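Participant: Counting along the sequence shown from 1, when you hit position 125 you're at 125 in the UniProt record's numbering, and nothing is skipped either side. Just dropping this structure here.
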Amino acid sequence: MCDDPHAVEVPPLQLNVIPLNTVGAAQVHKRIDILGVVEDVGDLRQVAAQTASEPQERRDIRIVDSSNTKLQLTLWGDNAKNFNVSHGDHPVMAIKNALVRHYNNCYYLNTNDTTRFELNPSGSRAAGLGTWYSLIRPAEHT
């Protein structure tokens with residue numbers, strides 16, 4: 001119990017996770033939930049927005065799961081600006097309501113104001129994915 005009357009407890013994300021290797025044409029323009037390891041974090045950039053007069057902040061992240069499939073996840077606005085993962089860190093990331101897009105023969109994930117994410121979520125599935133990445137994934141690069 002918290003003594004702060006203004007504190008709000010945020011419930012954990014309830015996810016219906018699909019493996020990254022199943023993302024395809026059937027999911028384009030649909031929202032999905034995924035669980036992956038942050039493999040690479042791009043720099044924060046400002047880009048011209050199609051629907052707003054002001055430039056938008058954007059950050060691209062590459063995620064991977066135990067299917068060994070990698071996808072780009074694009075964060076926008078405050079999510080991009082406040083994403084606090086250093087280059088070289090590889091947290092597990094739970095993502096709810098990522099929007100599947102298709103461009104230049106590649107699938108990628110996009111975020112907006114309905115997308116929620118959590119770094120290093122609790123649970124055995126997230127812990128197992130973190131273990132897979134730290135023990136098995138680096139060995140694949142040698």
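Cβ coordinates follow ideal geometry from the N, Cα and C atoms, glycine included. Computed from a prediction, not measured in an experiment: that's the story for all the values here.
For D78, does the three-state DSSP call read helix, strand or coil?
Facilitator: Translated into the one-based positions of the sequence shown, residue 78 becomes position 78. Residue state, collapsed to three classes: helix.
Participant: My output table needs one value for L13: the three-state DSSP class, helix, strand or coil.
Facilitator: Here residue 13 refers to the residue found at position 13 of the sequence shown. Three-state DSSP puts L13 in coil, outside helix and strand.
Participant: Between Q50 and W76, how many whole angstroms is the CB-CB distance? I'm expecting something under 8 angstroms.
Facilitator: Stepping through the sequence shown from its first residue, residue 50 is reached at position 50. Stepping through the sequence shown from its first residue, residue 76 is reached at position 76. Not quite, the Cβ-Cβ distance comes to about 12 angstroms (not below 8 angstroms), so this is no contact.
Participant: Quick one: complete beta strand (DSSP E) runs, 3+ long, within the region 38-68?
Facilitator: Listed in chain order, the complete beta strand (DSSP E) runs (minimum 3 residues) inside the region 38-68 are 45-47, 56-64.
Participant: Three-state secondary structure (DSSP) at G130?
Facilitator: As a working note, residue 130 is residue 130 in the sequence shown. Correct three-state label for G130: helix.
Participant: My parser needs the beta strand (DSSP E) runs of 3 or more residues fully inside the region 92-129; what are they?
Facilitator: 92-103, 106-110, 116-119
Participant: Keeping to the same chain, check which residues put their C-beta closer than 6 angstroms to that of Y21; ignore five residues upstream and five downstream.
Facilitator: Walking along the sequence shown from the start, residue 21 turns up at place 21. It should be noted that the sequence gives Asn, not Tyr, for residue 21. The answer, listed in chain order, is S67, T69.
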